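Engineer:
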Amino acid sequence: MGAMTAVTDKAPVTDNQVPRADEPAADALVRGWLRRQVAALCMNLLIAVVVAAALWLRRSSGGTEFDGDLALALFAVWCLAFLPGWLYVRFLGQRAGALWDEYVLSLHRLGWDHPGFLPEPPVTSQFHEEWKNDGGPAYRKHLNLYRQKFDAYYGRAVADSSHTRGTPLRIETLFPVFLVTTTLAVCWVVLLLDPVFVQEPRTAWDMMAFGFLGAYSFIFQMLIRRFFQSDLRPSAYAHAMVRIITVLILVAAVHQVMAGTGPRIQAVVAFVIGFFPLVGMQALQRTAAAALRAVVPSGTPAYPLNQIDGLGIWYESRLLEEGIEDMQSLATANLVDVILHTRVPVGRLVDWVDQAHLYLHLDRIDRGWLDRTLHGDKADAGPAGHLSDGSVKATSRAGTKTRTTLRQLGIRKATDLLKAFPADRMAPDVAWGPTQPWYDHLHQVEQQGLNLSQLRTMVQVLSQEASLAAVWNWQHRGVRTRP
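Read in order, the letters of the sequence shown correspond to residues 31 to 513 in this note's numbering.
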């Protein structure tokens, strides 16, 4: 990791002393406020155009006159369509200065490169002296690769905003936000001006309406979470647009499969597909496989991210946007880019990478209905005296048994395994015998169901894993123990 050269011979620039803005800080604040108001006004105009068109069509087709119910429906349309886009306008400029400082401190704690090649950390941090002693001031005259990455993603104004307090905003970057706002306005106008589908869902359009409700529930919660995590970008709205389109297509296809099912059950299924599109895709795959009598490629990886502790549907969806689809992608990902793009707490991300390295060296665990069916029921008893007794079946996959046994021993990550079984004691040239103190410990572990040959090999492989260097650095360079 230290081999990454982080400086280039270009025009001088200073990390600590950012270039001054061409306008005073007060003017920058005013301009930022005005731009946010313009963006909000544009979204209101888009919603107004959609509502006006809907009312005109309603009147031309002989619809009812304006009344209280219609006014309430229009107000709901405005709220539900405007709020997601307003979150981004409100988010702009929030914690801008803190983004740069947190990013730099994470790079130093991970030990991702030579300290002098990294951007200058805050003077009050424990890493500043290390950066200074490694020649960091001499490299300030060169463009820094990590600063370039940050500027390319957030824009130079974000790093500078910690000094100017300006709010960066370009209207041209708001196209995904405007597109989603318009789409939501159209969908909510269609649903709320004629809400009969809620009481009597019958047609495919009614099922697609419930699919949209599920998609909207997921999108709104996702945007709220990313707002509070300082991770709200226009790409989130592009992802929301893709989800809406995907859900509508999947619901239309699944509706054909469930033609014989009651309409209310279909409506519930459509809502679930809106929240979890993968469920709809899996249902279609199984139906196609049964009809074709052939194996249809599955979209579920052997080592899915949802098996990692602490990685729920929200973070899984966010990592998927960055091309991280399974544990192997996570274990080999560029942590600098993931930290920069996702705003996942670095300690949590490092823990996930640590877990992924361990699980990738084990057989996959039982997953899904098919595995559970093939492996029998829990009444099958395994060998007595194993730590995994009561947690797994005798017919479970080897990966399930090994992972459960390790978890019962308190081992849930690759570094936990290396701490419990140091590589120098598990080396092939180390003799084991009844007279060795380490022998009793290993003998007891073997009695609990772990294969010592497998354990010995795993320890040797993981101890040489270069990707774990950043994990070890993060653990050793964190909060220091005080006497």
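Heads up, the beta-carbon is just placed ideally off N, CA and C, and yes, glycines get one too.
Quick caveat: nothing in here was measured; it's all calculated off a predicted structure.
1) Our contact map puts ALA386 next to ILE338 with C-beta atoms below 8 Å; I'd like the distance itself, whole angstroms only.
2) Whose C-alpha, out of ALA500, ARG510, GLY479 and LEU448, is nearest the C-alpha of THR487?
3) For the stretch 237 to 252 against the stretch 290 to 306, are there 3 or more C-beta pairs whose distance is under 8 Å?
4) With distances taken from CA atoms, which of THR362, HIS269, LEU439 and ALA361 is nearest GLN478?
5) For LEU482, which residues of its own chain have a beta-carbon under 7 Å away from its beta-carbon, when the five flanking residues on both sides are left out?
6) In terms of alpha-carbon separation, which member of CYS72, ASP181 and TRP142 lies closest to ARG507?
7) If we ignore side chains and look at the alpha-carbon of each, how far apart do ASP266 and MET456 end up?
8) Which residue wins for smallest C-alpha separation from THR203, given the options MET357, ARG66 and ASP384?
9) What residues match up with ASP356 in a beta bridge as DSSP calls it?
10) If I measure Cβ to Cβ from THR276 and keep anything under 8 Å in the same chain, skipping five residues before and after, which residues do I get?
11) Let me know the secondary structure DSSP gives LEU137 once reduced to three states.
12) Which residue's Cα is closest to the Cα of VAL284: TRP108, TRP235 and HIS269?
13) Could you tell me the alpha carbon to alpha carbon distance between PHE180 and PRO458, rounded to whole angstroms?
14) For the stretch 258 to 272 against the stretch 308 to 320, do three or more pairs of beta-carbon atoms, one drawn from each stretch, fall closer than 8 Å, so that the two count as touching?
15) Under the three-state reduction of DSSP, which class applies to ASP236: helix, strand or coil?
16) Which residue's Cα is closest to the Cα of VAL220: VAL80, GLN178 and LYS431?
17) May I ask you to report which of helix, strand or coil DSSP gives ASN503?
18) Alpha carbon to alpha carbon, what distance is there between PHE451 and LEU137?
19) Give the secondary structure of ASN364 by DSSP, where H, G and I count as helix, E and B as strand, and everything else as coil.
20) Within a Cβ cutoff of 7 Å, which residues of the same chain sit near GLY32, ignoring the five residues on either side of it in sequence?
21) Determine the DSSP secondary structure at LEU173, reduced to helix, strand or coil.
22) Let me know if ARG512 comes out buried or exposed under the rule of 16 or more other beta-carbons within 10 Å of its beta-carbon.
23) Please classify GLN478: does DSSP put it in a helix, a strand, or coil?
24) For VAL491, collect the residues of the same chain with a Cβ closer than 7 Å to its Cβ; drop the 5 residues on either side in sequence, then sort them by chain order.
25) Using the C-alpha atoms, what's the distance from ALA84 back to ILE77?
26) So the alpha helix (DSSP H) TRP218 belongs to, where does it begin and stop?
27) Within the same chain, show all residues whose beta-carbon is closer than 6 Å to that of ALA245, passing over the 5 residues directly before and after it, in chain order.
28) What is the rounded straight-line gap between the Cα of ASN503 and the Cα of VAL376?
Structural biologist: Quick look at the numbers:
1) With 8 Å as the limit, ALA386 and ILE338 qualify as a contact, their Cβ atoms being about 6 Å apart.
2) Per the Cα distances, LEU448.
3) Three or more Cβ pairs drawn from the stretch 237 to 252 and the stretch 290 to 306 lie within less than 8 Å of each other, which places the two stretches in contact.
4) LEU439 is the residue among THR362, HIS269, LEU439 and ALA361 whose C-alpha sits nearest the C-alpha of GLN478.
5) The residues are LEU472 and GLU476.
6) Closest in C-alpha terms to ARG507, from the list CYS72, ASP181 and TRP142, comes TRP142.
7) For clarity, residue 266 is Ala in the given sequence; the question names Asp instead. Cα-Cα distance, rounded: 47 Å.
8) From the listed residues MET357, ARG66 and ASP384, the smallest Cα separation to THR203 is found for ARG66.
9) Answer by DSSP bridge pairing, in chain order: PRO334.
10) Counting only Cβ-Cβ distances below 8 Å, and skipping sequence neighbours, we find PRO307.
11) It is helical.
12) For VAL284, the nearest C-alpha among the options comes from TRP235.
13) Approximately 45 Å between the Cα atoms of the pair.
14) Note that the stretch 258 to 272 does not touch the stretch 308 to 320; fewer than 3 beta-carbon pairs, one per stretch, sit closer than 8 Å.
15) ASP236 sits in a helix when the DSSP states are folded into three classes.
16) Per the Cα distances, VAL80.
17) Correct three-state label for ASN503: helix.
18) Between LEU137 and PHE451, the C-alpha separation is close to 29 Å.
19) Coil, per DSSP.
20) Residue confidence is low: GLY32 scores 46 on pLDDT, short of 50, so the model does not pin down where it sits. Its coordinate-derived value is still stated next. Closer than 7 Å at Cβ, skipping near neighbours: ASP143 and HIS144.
21) Residue state, collapsed to three classes: strand.
22) It counts as exposed.
23) The three-state secondary structure of GLN478, taken from DSSP, is coil.
24) Within the same chain, VAL491 has close Cβ partners HIS391.
25) Per the coordinates, the alpha-carbon of ILE77 lies some 11 Å from the alpha-carbon of ALA84.
26) Start and end: 205 to 222.
27) Excluding residues within five positions, the ones whose Cβ falls inside 6 Å are ARG273, ILE274, VAL277 and GLY304.
28) Taken atom to atom, the span from the alpha-carbon of ASN503 to that of VAL376 is near 12 Å.
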